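Just so you know, we're using full-length UniProt numbering here: the sequence shown kicks off at 1 and counts up by one. All C-beta atoms, glycine included, are put in the ideal place defined by N, C-alpha and C. Note that this is a predicted model, so its numbers are computed, not measured.
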Amino acid sequence: MSFSIRRLVADFPWRLTAIYFPFAGAAVIFANDNILEIQSQTGDSMSPTLAPTFHETGSRDKLAILHYNPFFNLRSEVKRGQIVSFWAPHDPEKLLVKRVIATEGDTVVVDERRDRSVGEWARAVEGEGRVKVPFGHVWVEGDNWRKSKDSNDYGPVSKALLVGRVVAVVWPPTRVGWVEGEPWKGRTKVIPGKEERPAMWLNE
């Protein structure tokens, strides 16, 4: 038996492994940065859709994020109801997960009962009562509005900050499954509109 193991080790194509291993590692890194990555959902702002027992047990969902990458203009296909991952406008090192409830051109009628306490944007929203989502932006909110800091607090989110769309829960095993975009059922009302490109773009 020991002879067979030594022979197997001796015959293994180590040189090929040394050549291809760096390429395999580079492929994994490329895929993680540009195609698909795994991200943890912390907090209960998206409960019960994601991490439904976080408040009671601290259990987190591991999410598969399909990237919006530079090779495909997928940001233009962001739709209402999709759950997205994005860089927090107020903290560029923090990733958030929320649901898109309005896209560019839509008018959001904000919920007056929301407790807004973040910056000048919150005061502006309280004064106007409604917001038209500008070109190149989306309005996001958490499914659990009582625990969510979202566009009600920091305004519409630039599409440039979007990382990708949540497509599946991959952990824990009891939670594994696809994540589908769903119609918004929250308190905030949305009046669908049309995308309006800035005049300077129309003249190009």
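- Find the nearest neighbour of K98 within the set L161, G105, E112 and P134, judged by alpha-carbon distance. Taking the sequence shown and counting its residues from 1, one reaches residue 98 at position 98. Here the closest residue by C-alpha is L161.
- When we look at the beta-carbon of S148 and count the other beta-carbons within 10 Å, is it buried (16 or more) or exposed? The residue labelled residue 148 in the question sits at position 148 within the sequence shown. The residue is buried, with at least 16 neighbouring Cβ atoms inside 10 Å.
- Evaluate the contact criterion for the stretch 92-110 versus the stretch 137-147: three or more CB pairs, one atom per stretch, below 8 Å. With a cut-off of 8 Å, the stretch 137-147 and the stretch 92-110 count as touching, because enough Cβ pairs lie within range.
- Message: Cutting at 6 Å between CB atoms, please list the residues of its own chain near W171, excluding the five before and the five after it.
- Response: Within the sequence shown, numbered from 1, the residue matching residue 171 stands at position 171. Excluding residues within five positions, the ones whose Cβ falls inside 6 Å are K62.
- Query: Under 9 Å between the Cβ atoms of W178 and V167?
  - Reply: In the sequence shown, the residue the question calls residue 178 occupies position 178. In the sequence shown, the residue the question calls residue 167 occupies position 167. It is a contact, given that the beta carbons lie within the stated cut-off.
- Confirm, please, whether the CB-CB distance from Q41 to A51 is below 9 Å. On the sequence shown, residue 51 is found 51 positions in, with the first residue counted as 1. On the sequence shown, residue 41 is found 41 positions in, with the first residue counted as 1. Cβ atoms of A51 and Q41: closer than 9 Å.
- Query: Between D106 and V84, is the Cβ-Cβ spacing less than 9 Å?
  - Reply: For the purposes of this step, residue 106 is taken as the residue at position 106 of the sequence shown. For the purposes of this step, residue 84 is taken as the residue at position 84 of the sequence shown. No, Cβ-Cβ distance for D106 and V84 is not below 9 Å.
- Query: By DSSP, does R175 sit in helix, in strand, or in coil?
  - Reply: Counted from its first residue, the sequence shown places residue 175 at position 175. Here R175 sits in helix by DSSP.
- Taking C-beta to C-beta, are V109 and K189 nearer than 9 Å? In the sequence shown, the residue the question calls residue 109 occupies position 109. In the sequence shown, the residue the question calls residue 189 occupies position 189. Yes, Cβ-Cβ distance for V109 and K189 is below 9 Å.
- Query: Going by other Cβ atoms of all chains shown within 10 Å of its Cβ, with 16 needed for buried, is P156 buried or exposed?
  - Reply: Residue mapping note: residue 156 aligns to position 156 of the sequence shown, counting from 1. P156 sits buried, since 16 or more C-beta atoms from the chains shown fall within 10 Å of its C-beta.
- Message: Once DSSP output is grouped into helix, strand and coil, what is the label at A160?
- Response: Against the sequence shown, residue 160 aligns to sequence position 160. Helix.
- Task: Assuming V78 and K159 form a contact by the criterion Cβ under 8 Å, report the distance between their Cβ atoms to the nearest whole angstrom.
- Result: Position 78 of the sequence shown, counted from the start, is the residue given in the question as residue 78. Position 159 of the sequence shown, counted from the start, is the residue given in the question as residue 159. Yes, they are in contact, since the Cβ atoms of V78 and K159 sit about 7 Å apart, within 8 Å.
- Determine the contact status of residue 207 and R165, defining contact as a CB-CB distance below 9 Å. The structure shown does not extend to residue 207, since the chain is modelled only from 1 to 204, so the question has no answer here.
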